[in-house]
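Read through the structure below, which is laid out as structure tokens, and then see the notes.
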Amino acid sequence: MNPILQLREVSRHFGGLLALDNVSFDLRPNEIVGLIGPNGAGKTTLVNVVTGVFRPNAGRIVFDGQPIDKLKSYSISRLGIARTFQVVQPFPEMTVVENVAAGALFAAGAKDLESAKELAIEHLEFVGLAHLAGSSASALTLADRKRLELAKSLAMDPKLLLLDEVNAGLNPVEIDRSLELIRSLVGKGITVLIIEHLMKVVMSVCSRIIVLHHGQMISDGTPSEVGKDPHVIKAYLGSRYAAREEGNMA
Numbered sequence: 140m141n142p143i144l145q146l147r148e149v150s151r152h153f154g155g156l157l158a159l160d161n162v163s164f165d166l167r168p169n170e171i172v173g174l175i176g177p178n179g180a181g182k183t184t185l186v187n188v189v190t191g192v193f194r195p196n197a198g199r200i201v202f203d204g205q206p207i208d209k210l211k212s213y214s215i216s217r218l219g220i221a222r223t224f225q226v227v228q229p230f231p232e233m234t235v236v237e238n239v240a241a242g243a244l245f246a247a248g249a250k251d252l253e254s255a256k257e258l259a260i261e262h263l264e265f266v267g268l269a270h271l272a273g274s275s276a277s278a279l280t281l282a283d284r285k286r287l288e289l290a291k292s293l294a295m296d297p298k299l300l301l302l303d304e305v306n307a308g309l310n311p312v313e314i315d316r317s318l319e320l321i322r323s324l325v326g327k328g329i330t331v332l333i334i335e336h337l338m339k340v341v342m343s344v345c346s347r348i349i350v351l352h353h354g355q356m357i358s359d360g361t362p363s364e365v366g367k368d369p370h371v372i373k374a375y376l377g378s379r380y381a382a383r384e385e386g387n388m389a
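Residue numbers for the sequence shown follow my numbering, so the first one is 140 and each next one is one higher.
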């Protein structure tokens, strides 16, 4: 099966800061892949480069067989790449359904506002927010704003969804609900790349994990492989995590 996304020796610098350094990997269709690393490792920069917020200074990015590293963000989104943001910012003066309809109308090419709202309701039902469709987005709880962010991205009809810290600030029950939604995305034919700091989340939902450190990719493998990688333990997980995991397996 051909990769849906390919990065080849992708680099991005900001002045003298090298945020991404020769990063190469593939994402296969219907994978859920975790992207982890310390703060400042380059995770959000990578998402910004893939989605066209920044252009790479070197390297190639190919999505679904088409080079995208020189395209504008709106062109990339229309090809089928959507994302959520670490800091959730819905349109506060619009209703929940209007927030989602905007994505369907302007990114997914809904023919008119009425059909965009119909699609929006479908996505709100999927994330469990249909009962709040007419509510103001500004009145939502953090957990519901996170689900709204997911519905907005789904309204763009993505083949690839990049999730940036979708579980930050959620309690354990809310995280479990979030993970159920993430797993169900594969049933919709969506490939997922998820930035996450909670190792319990990454280990439970991802089939593969990519690790960045100082802009470089230091590991790419199954959760078990990455959890035992000495480079990852030293740079990110720490010896206590490794010892605890060994104890759990004993």
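Idealized CB from N, CA, C, for every residue including glycine.
As assigned by DSSP and simplified to three states, the class of residue i
i: Ser358; result: strand
i: Ala389; result: For Ala389, the predicted structure reports a pLDDT of 43, less than 50, and the residue's modelled location is therefore unreliable. A value from the coordinates is still provided. Correct three-state label for Ala389: coil.
i: Ile152; result: According to the sequence as given, residue 152 is His; it is not Ile. Strand at His152.
i: Asp303; result: strand
i: Thr280; result: coil
i: Pro369; result: helix
i: Gly198; result: strand
i: Asn238; result: helix
i: Leu309; result: coil
i: Thr330; result: strand
i: Arg180; result: Looking at the sequence itself, residue 180 is Ala, so the reference to Arg does not match. Coil, per DSSP.
i: His353; result: coil
i: Ala249; result: coil
i: Ala221; result: strand
Rounded straight-line distance, which links the Cα of residue j to that of residue i
i: Arg322; j: Asn169; result: 10 Å
i: Arg86; j: Val239; result: Lying before the first or after the last residue shown, residue 86 is absent from the chain, which here runs from 140 to 389.
i: Asn187; j: Leu271; result: 31 Å
i: Met388; j: Asp303; result: Caution is warranted here: a pLDDT of 46 is assigned to Met388, below 50, making its placement in the model unreliable, and no coordinate value can be reported.
i: Leu376; j: Val226; result: 24 Å
i: Ser254; j: Val201; result: 31 Å
i: Val260; j: Ser275; result: According to the sequence provided, residue 260 is Ile. The question's Val does not apply to it. Their backbone Cα atoms lie some 15 Å apart in a straight line.
i: Ala294; j: His262; result: 7 Å
i: Ala278; j: Val365; result: 40 Å
i: Phe224; j: Pro369; result: 31 Å
i: Met233; j: Arg284; result: 13 Å
i: Ala374; j: Ile349; result: 13 Å
i: Glu264; j: Val340; result: 24 Å
Residue i and residue j closer than 8 Å at C-beta
i: Leu144; j: Asp165; result: yes
i: Gly191; j: Asp203; result: no
i: Gly395; j: Glu335; result: Lying before the first or after the last residue shown, residue 395 is absent from the chain, which here runs from 140 to 389.
i: Leu258; j: Asn306; result: no
i: Gly198; j: Leu351; result: no
i: Arg347; j: Thr361; result: yes
i: Ile357; j: Cys345; result: no
i: Val236; j: Lys256; result: yes
i: Ser163; j: Ala221; result: no
Nearest candidate by alpha-carbon position, reference residue i, set the options
i: Pro195; options: Leu279, Arg147, Lys291; result: Arg147
i: Arg217; options: Leu299, Leu252, Phe193; result: Leu299
i: Thr280; options: Ala290, Gly308, Ile207; result: Gly308
i: Leu157; options: Ser363, Gln355, Asp208; result: Gln355
i: Leu141; options: Arg167, Leu324, Gly155; result: For clarity, residue 141 is Asn in the given sequence; the question names Leu instead. The residue with the shortest Cα to Cα distance from Asn141 is Arg167.
i: Gly267; options: Lys250, Pro369, Leu289, Leu252; result: Leu289
i: Gln228; options: His353, Phe193, Arg286, Asn310; result: Arg286
i: Pro231; options: Gly273, Asp368, Leu210, Ser212; result: Gly273
i: Phe245; options: Pro311, Asp359, Asp296; result: Asp296
i: Gly328; options: Glu319, Asn161, Val149, Ile171; result: Ile171
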